[in-house]
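Going by my numbering, the first residue of the sequence shown is number 1, and it counts up by one from there. Just so it is clear, CB atoms sit at the ideal spot from N, CA and C, and this is done for glycine as well. Everything numeric in this text was worked out from a predicted model, so none of it was measured.
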Amino acid sequence: MDKYIKKIKNSAAVSLWTSIGLVIMTALFFYVSNYRFYASDYTVRWLTIAGSVLAVLAVSMALLTIRRQVPQLRQNENLERKLQGYASLMANVCYSLLFVIVVLCAIIVLTNRNALLMIAIVVVMLLFLTYPNIYRIKHDLGLTDEQMTSFFGDKYIPSNEEQ
Numbered sequence: 001m002d003k004y005i006k007k008i009k010n011s012a013a014v015s016l017w018t019s020i021g022l023v024i025m026t027a028l029f030f031y032v033s034n035y036r037f038y039a040s041d042y043t044v045r046w047l048t049i050a051g052s053v054l055a056v057l058a059v060s061m062a063l064l065t066i067r068r069q070v071p072q073l074r075q076n077e078n079l080e081r082k083l084q085g086y087a088s089l090m091a092n093v094c095y096s097l098l099f100v101i102v103v104l105c106a107i108i109v110l111t112n113r114n115a116l117l118m119i120a121i122v123v124v125m126l127l128f129l130t131y132p133n134i135y136r137i138k139h140d141l142g143l144t145d146e147q148m149t150s151f152f153g154d155k156y157i158p159s160n161e162e163q
């Protein structure tokens, strides 16, 4: 069971902090660096459109996947299957969004336009919103206080309603 909790934490942390670093480095490269890539207007236009569509599709995919999968996982009776499914869901969503951010940052650098920078920041904000902390895991999977205490020990503070 602990391997699933570690997978959830690692995938979320790696994707969140890597994406934050990439967006900051891209913004610094764009605003501070003297190096520029110049492409034709046609290429810049289509890369900007492709990046925008990719970001919108990725955000929609992430939100819809989480919205559909979490209630299905909550209804599962087997605790190990719940955790395994949730770990797989979070890893897939986080790494997919990280891939989208890498592509967006590459497009920003190659097109020499910062229009996609705000879209990349929105995708990073989605990673913040989907970041699975202890209490979000409890809520998403419908776990009890005893199960949470067995997984997280003293880090978990039970609610006063159930005591």
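Residue nearest to residue i in terms of C-alpha spacing, selected from the options
i	options	result
Ser60	Pro158, His139, Val122 and Tyr135	Val122
Leu141	Met118, Val103 and Met90	Met90
Val70	Val93, Leu54, Ala55 and Ser52	Val93
Trp46	Thr149, Met125 and Leu116	Leu116
Tyr131	Ser88, Leu54 and Ile8	Ile8
Asn34	Thr149, Val23 and Val109	Val109
Val124	Asn10, Asp2 and Ile24	Ile24
Ser166	Pro158, Val102, Ala39 and Thr144	Not covered by the structure: residue 166. The range shown for the chain is 1 to 163.
Leu129	Leu57, Phe99 and Ala12	Ala12
Ile66	Gly21, Asn114 and Leu97	Leu97
Leu143	Val100, Leu83 and Arg113	Leu83
Lys138	Leu126, Gly51 and Ser159	Ser159
Ala62	Ile5, Asp41 and Leu127	Leu127
Residue i (DSSP reduced to helix, strand or coil)
i	result
Gly85	helix
Tyr42	helix
Ser52	helix
Ile157	coil
Glu162	Residue placement at Glu162 is flagged as unreliable, the pLDDT there being 49, under the threshold of 50; a coordinate-derived value is accordingly withheld.
Where the alpha helix (DSSP H) containing residue i begins and where it ends
i	result
Leu28	Asp2 to Val32
Tyr35	That residue, Tyr35, is in no alpha helix (DSSP H); it is neither H nor E in DSSP.
Asp140	Ile134 to Leu141
Thr149	Asp145 to Phe152
Original post:
Which ranges would you report for the alpha helix (DSSP H) in the segment 61-116 if only whole runs of at least 4 residues count?
Top reply: 79-111
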